[in-house]
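These notes concern the structure reproduced below.
Number of protein chains: 2
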Amino acid sequence: MKKWLIGVDLGGTTTKLAFINLDGEIVHKWEIPTDISDKGVYITENIAKAIKAKLDELGQTNANVVGVGMGAPGAVDENTGIIFEAVNLGWTNYPLQDKLSTATGLPVVIENDANMAALGEMWKGAGDGAKDLVCVTLGTGVGGGVIVNGNMVSGISGAAGEIGHMTSVVENGYACNCGKTGCLETVASATGIVRVAMEKIESNPTSSLKKILDETGSISAKDVVICAEAGDEYALSVLDQVCFYLGLTLANVANVLNPEKIVIGGGVSKAGDILLNNILKYFKKYAFIRVRESTSISIATLGNDAGAIGAAWLVKNKFMK
Amino acid sequence: MKKWLIGVDLGGTTTKLAFINLDGEIVHKWEIPTDISDKGVYITENIAKAIKAKLDELGQTNANVVGVGMGAPGAVDENTGIIFEAVNLGWTNYPLQDKLSTATGLPVVIENDANMAALGEMWKGAGDGAKDLVCVTLGTGVGGGVIVNGNMVSGISGAAGEIGHMTSVVENGYACNCGKTGCLETVASATGIVRVAMEKIESNPTSSLKKILDETGSISAKDVVICAEAGDEYALSVLDQVCFYLGLTLANVANVLNPEKIVIGGGVSKAGDILLNNILKYFKKYAFIRVRESTSISIATLGNDAGAIGAAWLVKNKFMK
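Residue numbers (this note's numbering), protein chains in the order written: chain U, 1 to 321; chain P, 1001 to 1321.
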C-alpha cells in the first residue's frame, strides 16, 4: 500500500513541503524559496524537482506516494484546480493542478491556503476532529476556512471563508486592498493592528509603544502584544479594540454556522491567552445564547505545518476513497 | 410505489399540512388551528387525526405515504427530532419526532421551520435547485436557513442559520427577545421595521406615515412599504435604513459562504422590488468583490407553502434513499 501523502504550502516567498503518513504525522519536511520571476512559470517545475530530489535522497519513488495536495494563496476552482487569481504570484486563471500533476507525475489536488490550514487543524490540530469548524488566520492578511460536515465550503465562486473581508467597521473604516472599506483585515491583521495602534499613539506619549516608535522608527503587532502583556494601558486599549472587532465578527460567523470550534491561527495568534480572552469577552456579548454556549474558540496548535497537513488530508480523502 | 410525502408547517396559531407528490407538487393542502393549551400536549395527536381524516376523505391510507416532515418553531436536534425549546408552544426538550411518529404510525423527520422553508425554496422555489443557498425569512421575527452542498447546516447545537440574531446594530441597538441587543431581527422584522419608523415619526409631521398613525393609532410594516412606494420621503428613509442593515448583514453572510443564491422570504418580502433593490445597493457595497459578482439575491416564490414543500423534500431524501 502507498504510504505517503505529500503536502505543499505555497507562499509568496517560501514553499513548505512535507511527506506525511496516513495518520497525518510528518515524516519529513523542508522548505524551498518560491521563485516568482516571469509570472511564476518556474513554480511547479521547482516543486516537482524538490519532491523528486527528496524522494531520491530517502530512497523512495512515486510508487510510494498517494498524491500531492497544495494550498495556494488565492481563490481556487475546486473542480479543476485552476487558480482564479493569485496576485502575489502573478497568476490569473492558472491551471495549477494540471501543471503540477504533469511535472510530478502524481495526482494533485489544489485548495486555497487558508482552507488547507483549516483542514489541517481539523485533522491534527485544535479542531480535534470536529466536523464543523471555522478557522481564521491572522497574519499579514486575515484568511478564513469553513468546514461543514467535514467538507470544505468553497462557495459558488471559490470565495467562501473570506472572513477577512467581512465588514467589521461599518463607518469610517480603513480602505482595504480588496477595494472595500472597514474589512476585518484592516484592523485585525498584523498590519491592521499596527494601524489601530498608530491612530492615537501621539496622544499617548507615556505609552511604551510610543517609546518603541521613537527609538526604532516603527512598531509591530508583536510590540503591541508584548506591551499589553506588560500592562501598558494604551497597548491594552489597542488590543481591546482589535479583539472587539474580532469578537463581533466571529460571533456573527458563529450565528450563521454554529460550528463546534473556531480556531484562530497565523502569526498574530502566537499572542495566545491575552488575545483569546479578549476575543471571548466580545464573542460572548455578540453571539446568540445557544451559540455562545456551544461554539468554542481556541488557538491553532499546528503553527506553520497546518497547511501541509491539511493538504495531505485532502489527498487522502480525495485519492484513497 | 408510495406516492405521497406529507409536509407539515407547525406555527403558533395555525398548522399547515400538505400532501405532496415525489416531484414536489402539492396535491392537497389544508390548515388546522394549533392548540397550544396545556403546554402543547394535544398538538401531535391533532395533527395525526387531521392526516388520518384527510387520507380517509381522499380514499387513501398510510400505505401510500412515504413519511411526514415537520418544520417547528425552535431549535431541533436533527438526530433525535427533539425540540430543545419552542417558547411559543410551551415545549422544552420535547421528543416531537417520537410523539408524531407514534401518533401517525409513519416515519417522521423534524427540522427548524426556517430551515424547512429554505429547503422548499431550494427544491421548488427561488433557489431553483441551487445546492448552496441561504434563506432569510422576514416575518414577525427574522429566521434563516443555510444549505451547503444540498444539505441543511444545523450546527453543533442546532443554532446554525440564526441570521436574525446576527448583530447588525453594534452600538445603541434595541433590546432583542433573545437577550442581546442590536440583532438584525430588531430592525428588519415586521415589528423591527415599525420600531425604526416610530423612532423619528414625530419629527416628520408631514409624512403619510404620521397621518396613518394619527388616524388609526398605529402603523405597520406594510404601511411603511406602501408609503415608500408612493414616494413619501420619511417612509423611504426608514426603508433605506432597514435595507442598510439587511444588505450589510447578508453581505457578511455571503462573505463567509459565497452561496449561489440568497432568498428572502416571509411576509415582509411581499414588498418585492423596492425592498430587493435597496438591499442590493448595500449588499454590493459590503460584499467582497468575488462574492458580489457571484452570489445573487432574490425574493422567495413559494410563499406560505415553502415550509411544507421543504418538509416533503426532507422526507423524500431521508426515507427514500
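Glycine is no exception: its CB is placed at the ideal position from the N, C-alpha and C atoms.
Everything numeric in this text was worked out from a predicted model, so none of it was measured.
Exercise for the section: Measure the alpha-carbon distance for D98 (chain U) versus V41 (chain U) and round it to whole angstroms. Expected result: Translated into the one-based positions of the first sequence, residue 98 (chain U) becomes position 98. Translated into the one-based positions of the first sequence, residue 41 (chain U) becomes position 41. Taking the CA atoms as reference points, D98 (chain U) sits about 13 angstroms from V41 (chain U).
Exercise for the section: Tell me, please, whether the stretch 221–232 of chain U touches the stretch 69–82 of chain U by the rule of three or more beta-carbon pairs shorter than 8 angstroms. Expected result: The stretch 221–232 of chain U vs the stretch 69–82 of chain U: no contact.
Handout entry: Inter-residue spacing [alpha-carbon to alpha-carbon] between W1091 (chain P) and K29 (chain U)
Key = Indexing the second sequence from 1 puts residue 1091 (chain P) at position 91. Indexing the first sequence from 1 puts residue 29 (chain U) at position 29. Cα to Cα, the separation comes out at about 55 angstroms.
Exercise for the section: For K1052 (chain P), name the three-state secondary structure that DSSP assigns. Expected result: By one-based count along the second sequence, residue 1052 (chain P) stands at place 52. Residue state for K1052 (chain P) is assigned as helix, using DSSP reduced to three classes.
Exercise for the section: Give every residue of the same chain whose Cβ lies closer than 8 angstroms to the Cβ of N21 (chain U), excluding the five residues on either side of it in the sequence, and list them in chain order. Expected result: Position 21 of the first sequence, counting from 1, holds the residue named residue 21 (chain U). Excluding positions up to five away in sequence, the list reads K3, W4, L5, V27.
Handout entry: Backbone CA spacing between A1235 (chain P) and A1190 (chain P) [nearest angstrom]
Key = Locating residue 1235 (chain P) in the second sequence gives position 235, where the first residue counts as 1. Locating residue 1190 (chain P) in the second sequence gives position 190, where the first residue counts as 1. C-alpha separation (whole angstroms): 14 angstroms.
Practice task
May I ask you to list the residues that DSSP assigns as paired with I1147 (chain P)?
Solution key: Here residue 1147 (chain P) is taken as the residue at index 147 of the second sequence, counted from 1. Residue pairing by DSSP places I1147 (chain P) opposite P:L1133, P:M1152 in a beta bridge.
Handout entry: I1058 (chain P) versus V256 (chain U): straight-line alpha-carbon distance, rounded
Key = Translated into positions along the second sequence, residue 1058 (chain P) becomes position 58. Translated into positions along the first sequence, residue 256 (chain U) becomes position 256. Here residue 1058 (chain P) turns out to be Leu, not Ile, going by the sequence shown. Their Cα atoms are separated by approximately 42 angstroms.
Practice task
Would you mind listing the alpha helix (DSSP H) stretches within the stretch 1145–1205 of chain P that are 4+ residues and don't spill past its ends, in chain order?
Solution key: List check, alpha helix (DSSP H) in window: 1185–1188, 1190–1199.
Problem - Three-state secondary structure assigned by DSSP to K956 (chain P) - result: The question about residue 956 (chain P) has no answer, for chain P in this structure spans 1001 to 1321.
Handout entry: As assigned by DSSP and simplified to three states, the class of V1263 (chain P)
Key = Locating residue 1263 (chain P) in the second sequence gives position 263, counting from the first residue. Three-state result, V1263 (chain P): strand.
Exercise for the section: Closer than 6 angstroms by C-beta to E260 (chain U): which residues in its own chain qualify, once you throw out the five before and the five after it? Chain order, please. Expected result: Start at 1 with the first residue of the first sequence, and residue 260 (chain U) comes out as number 260. The beta carbon of E260 (chain U) is closer than 6 angstroms to those of A130, D132 in its chain, skipping five residues each way along the sequence.
Practice task
Quick one: measure Cβ to Cβ for L10 (chain U) and G71 (chain U), integer angstroms, because I've assumed they're closer than 8 angstroms.
Solution key: By 1-based counting over the first sequence, the position of residue 10 (chain U) is 10. By 1-based counting over the first sequence, the position of residue 71 (chain U) is 71. So it is a contact: roughly 6 angstroms between Cβ atoms.
Problem - Range covered by the beta strand (DSSP E) that runs through K29 (chain U) - result: On the first sequence, residue 29 (chain U) is found 29 positions in, with the first residue counted as 1. If you look at K29 (chain U), you'll find it in the beta strand (DSSP E) that goes 26–33.
Exercise for the section: Put D1077 (chain P) into one of helix, strand or coil per three-state DSSP. Expected result: Indexing the second sequence from 1 puts residue 1077 (chain P) at position 77. Strand, per DSSP.
Handout entry: the stretch 1125–1150 of chain P: positions lying closer than 7 angstroms to chain U by Cβ
Key = Within the stretch 1125–1150 of chain P, the qualifying residues are D1132, V1146, V1148, N1149.
Practice task
Just the C-alpha distance for N62 (chain U) and A18 (chain U), rounded to the nearest angstrom, thanks.
Solution key: As a first step, residue 62 (chain U) must be located in the first sequence, where it is residue number 62. As a first step, residue 18 (chain U) must be located in the first sequence, where it is residue number 18. For N62 (chain U) and A18 (chain U), the distance between alpha carbons rounds to 14 angstroms.
Handout entry: Which of helix, strand or coil DSSP assigns to V315 (chain U)
Key = Locating residue 315 (chain U) in the first sequence gives position 315, counting from the first residue. V315 (chain U) carries a helical assignment under DSSP once its states are collapsed to helix, strand and coil.
Exercise for the section: Would you verify that the beta carbon of M166 (chain U) is, or is not, closer than 7 angstroms to some beta carbon of chain P? Expected result: Start at 1 with the first residue of the first sequence, and residue 166 (chain U) comes out as number 166. The C-beta of M166 (chain U) comes closer than 7 angstroms to at least one C-beta of chain P.
Exercise for the section: Closer than 8 angstroms by beta-carbon distance: list the chain U residues that pair up with C1178 (chain P), in chain order. Expected result: Translated into positions along the second sequence, residue 1178 (chain P) becomes position 178. Per Cβ cutoff of 8 angstroms: F288, I289.
Handout entry: Same chain only: Cβ atoms within 6 angstroms of L1089 (chain P), ignoring 5 sequence neighbours per side
Key = Along the second sequence, read from residue 1 onward, the residue named residue 1089 (chain P) stands at position 89. A distance below 6 angstroms between beta-carbons, with the five flanking residues on each side excluded, links L1089 (chain P) to the following residues of its chain, in chain order: I1036, G1040.
Handout entry: Distance CB(L250 (chain U))-CB(F288 (chain U)) smaller than 7 angstroms
Key = As a working note, residue 250 (chain U) is residue 250 in the first sequence. As a working note, residue 288 (chain U) is residue 288 in the first sequence. In terms of Cβ geometry, L250 (chain U) and F288 (chain U) do not form a close pair [threshold 7 angstroms].
Practice task
Report yes if the CB atom of V1146 (chain P) is closer than 7 angstroms to the CB atom of A1188 (chain P), and no otherwise.
Solution key: For the purposes of this step, residue 1146 (chain P) is taken as residue 146 along the second sequence, with counting starting at 1. For the purposes of this step, residue 1188 (chain P) is taken as residue 188 along the second sequence, with counting starting at 1. Not in contact: V1146 (chain P) and A1188 (chain P) (Cβ atoms no closer than 7 angstroms).
Exercise for the section: Just mark A53 (chain U) as buried or exposed, buried being the case when its beta carbon has 16 or more other beta carbons within 10 Å. Expected result: For this step, residue 53 (chain U) is matched to residue 53 along the first sequence. Exposed: under 16 other Cβ atoms inside 10 Å.
Practice task
Check distances from the C-beta atoms of the stretch 1082–1108 of chain P to those of chain U and list, in chain order, the residues that come in under 8 angstroms.
Solution key: Residues F1084.
Handout entry: N-terminal and C-terminal residue of the alpha helix (DSSP H) that F283 (chain U) is part of
Key = As a position in the first sequence, residue 283 (chain U) is number 283, starting the count at 1. Per DSSP, the unbroken alpha helix (DSSP H) holding F283 (chain U) starts and ends at 273–286.
Practice task
May I ask you to report which of helix, strand or coil DSSP gives G71 (chain U)?
Solution key: Counted from its first residue, the first sequence places residue 71 (chain U) at position 71. The answer is strand: DSSP assigns G71 (chain U) an E or B state.
Problem - Reference G272 (chain U); option with closest CA among U:M320, U:S298, U:T181 - result: Translated into positions along the first sequence, residue 272 (chain U) becomes position 272. The option with the nearest alpha carbon to G272 (chain U) is U:S298.
Exercise for the section: Could you check the C-alpha separation between A1197 (chain P) and V1238 (chain P) for me, to the nearest Å? Expected result: Within the second sequence, residue 1197 (chain P) is the residue found at index 197, counting from 1. Within the second sequence, residue 1238 (chain P) is the residue found at index 238, counting from 1. Answer to the nearest angstrom: the Cα atoms are 6 angstroms apart.
Practice task
With 7 angstroms as the limit, tell me which residues of the stretch 1241–1269 of chain P have their beta carbon closer than that to any beta carbon of chain U; keep them in chain order.
Solution key: From the stretch 1241–1269 of chain P, only L1248, A1251, N1252, V1253, N1255, V1256, L1257, N1258, P1259, E1260 have a Cβ closer than 7 angstroms to chain U.
Exercise for the section: List the residues of chain U that E1293 (chain P) touches, going by C-beta distances under 8 angstroms, in chain order. Expected result: Taking the second sequence and counting its residues from 1, the one referred to as residue 1293 (chain P) is at position 293. Under the 8 angstroms cutoff, chain U gives S157.
Practice task
Flag this pair as touching only if the stretch 111–122 of chain U and the stretch 299–312 of chain U have three or more C-beta atom pairs under 8 angstroms; answer yes or no.
Solution key: A contact exists between the stretch 111–122 of chain U and the stretch 299–312 of chain U.
Problem - For D1009 (chain P), the three-state DSSP class (helix, strand or coil) - result: Taking the first residue of the second sequence as 1, we reach residue 1009 (chain P) at position 9. Three-state DSSP puts D1009 (chain P) in a strand.
Practice task
Output, in chain order, the set of chain P residues within a Cβ distance shorter than 9 angstroms of V225 (chain U).
Solution key: In the first sequence, counting from the first residue as 1, residue 225 (chain U) sits at position 225. What V225 (chain U) touches in chain P: nothing, since even the nearest Cβ is about 25 angstroms away.
Exercise for the section: Just confirm the distance between the C-beta atoms of V1194 (chain P) and A1221 (chain P), as a whole number of angstroms; I'd bet it's less than 8 angstroms. Expected result: The count along the second sequence starts at 1 and reaches residue 1194 (chain P) at position 194. The count along the second sequence starts at 1 and reaches residue 1221 (chain P) at position 221. Confirmed, Cβ separation roughly 6 angstroms.
Exercise for the section: Apply the 10 Å Cβ neighbour rule to G1247 (chain P) and answer buried if 16 or more other Cβ atoms are within range, or exposed otherwise. Expected result: Translated into the one-based positions of the second sequence, residue 1247 (chain P) becomes position 247. By the neighbour-count rule (16 or more Cβ atoms within 10 Å), G1247 (chain P) is buried.
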